[in-house]
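Peer 1: When we follow my numbering, the leftmost residue of the sequence shown carries the number 265, and every step to the right adds one.
Have a look at the structure that comes next, please.
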Amino acid sequence: MTMPHHALEITLTRPLSAAELRHAAQAWPLAANHDATRLMALVGAKTPERAAHRLRRRLTARLPIDVITTHYPDAHGQVLLNLSFPRTVHTALARDARPAGLTPERHVREALQRALTAHADRETEHLDRAVRRLLARTTPAHLLSAVGHALTHPQQGPPP
């Protein structure tokens, strides 16, 4: 039976020099983005968690790794987030997670999920207010037409 491979993205704390990238690529084949702040790797392992752990273990001494993520979401739309905290931070997380009976990892996962949900809620409220302001000045048909046009003719560069 062949081992599955997982596409992982490494976000770095700073851009790499060409020499640093070559040095890291000696330990693992890597593809870099244009400014060498993100790298891609293909890792064979039974699970994405094991793949990320294997990659971090192999490259930590060679790269300023910030976070490793799976490049593609799983069947539930989730992306694995592999973080490495200093011992003091991990101890503080364990202390904060203990009263709820959680592991530090589960505590961070739940805090991230709460933050992402709150962000999505704020974004939905912001868009709702913006649409209501637009509808106060135009008809729903004109607004729908403008949205359709904007979606089929995307802007180049940042909005004005």
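All residues carry an ideal CB built from backbone N, CA and C; glycine is no exception.
(1) Near Thr-275, what residues of its chain come up, given a Cβ to Cβ distance below 6 Å and the 5 sequence neighbours on each side ignored?
(2) With respect to the beta strand (DSSP E) encompassing Arg-302, which residues constitute its N-terminal and C-terminal limits?
(3) Taking the continuous alpha helix (DSSP H) assigned at His-214, which residues delimit it?
(4) Going by the DSSP bridge assignment, what does Ala-295 pair with across the sheet?
(5) Applying the 10 Å Cβ sphere with the 16-neighbour rule, what's the burial state of Pro-312?
(6) So who's on the other strand from Thr-334, going by DSSP bridges?
(7) Among all the DSSP beta bridges, which residues are the ones paired with Leu-366?
(8) Give me, in chain order, the residues of the same chain whose beta-carbon lies closer than 7 Å to that of Ala-358; leave out the 5 immediate sequence neighbours on both sides.
(9) Pick helix, strand or coil for Leu-344, following the three-state DSSP scheme.
(10) Please classify Asn-371: is it buried, with 16 or more other beta-carbons within 10 angstroms of its beta-carbon, or exposed?
(11) Can you check whether the CB of Leu-344 is closer than 9 Å to the CB of Ala-316?
(12) Could you tell me the alpha carbon to alpha carbon distance between Ser-409 and His-335, rounded to whole angstroms?
(13) Excluding the 5 residues flanking Val-411 on each side, which residues of the same chain have their C-beta closer than 8 Å to its C-beta?
(14) Return the residue from the list Arg-373, Pro-404, Asp-392, Gln-419 that minimises the CA-CA distance to Gln-342.
(15) In terms of alpha-carbon separation, which member of Val-307, Gly-308, Ala-282 lies closest to Ala-296?
(16) Would you verify that the beta carbon of Leu-344 is, or is not, closer than 9 Å to some beta carbon of chain B?
Peer 2: Taking the coordinates as given:
(1) Hits under 6 Å: Arg-302, Asp-330, Val-331.
(2) 302-308
(3) Examination of residue 214 is not possible in this model, given that the chain is present from 265 through 424 alone.
(4) Answer is Met-304.
(5) buried
(6) Beta bridge pairing from DSSP links Thr-334 with Leu-272.
(7) Leu-366 pairs with nothing; no bridge assigned.
(8) Pro-368
(9) coil
(10) Checking the sequence shown, residue 371 turns out to be His, not Asn. It counts as buried.
(11) yes
(12) 35 Å
(13) none
(14) Arg-373
(15) Ala-282
(16) Of the chains in the structure shown, none is chain B; there is only one protein chain.
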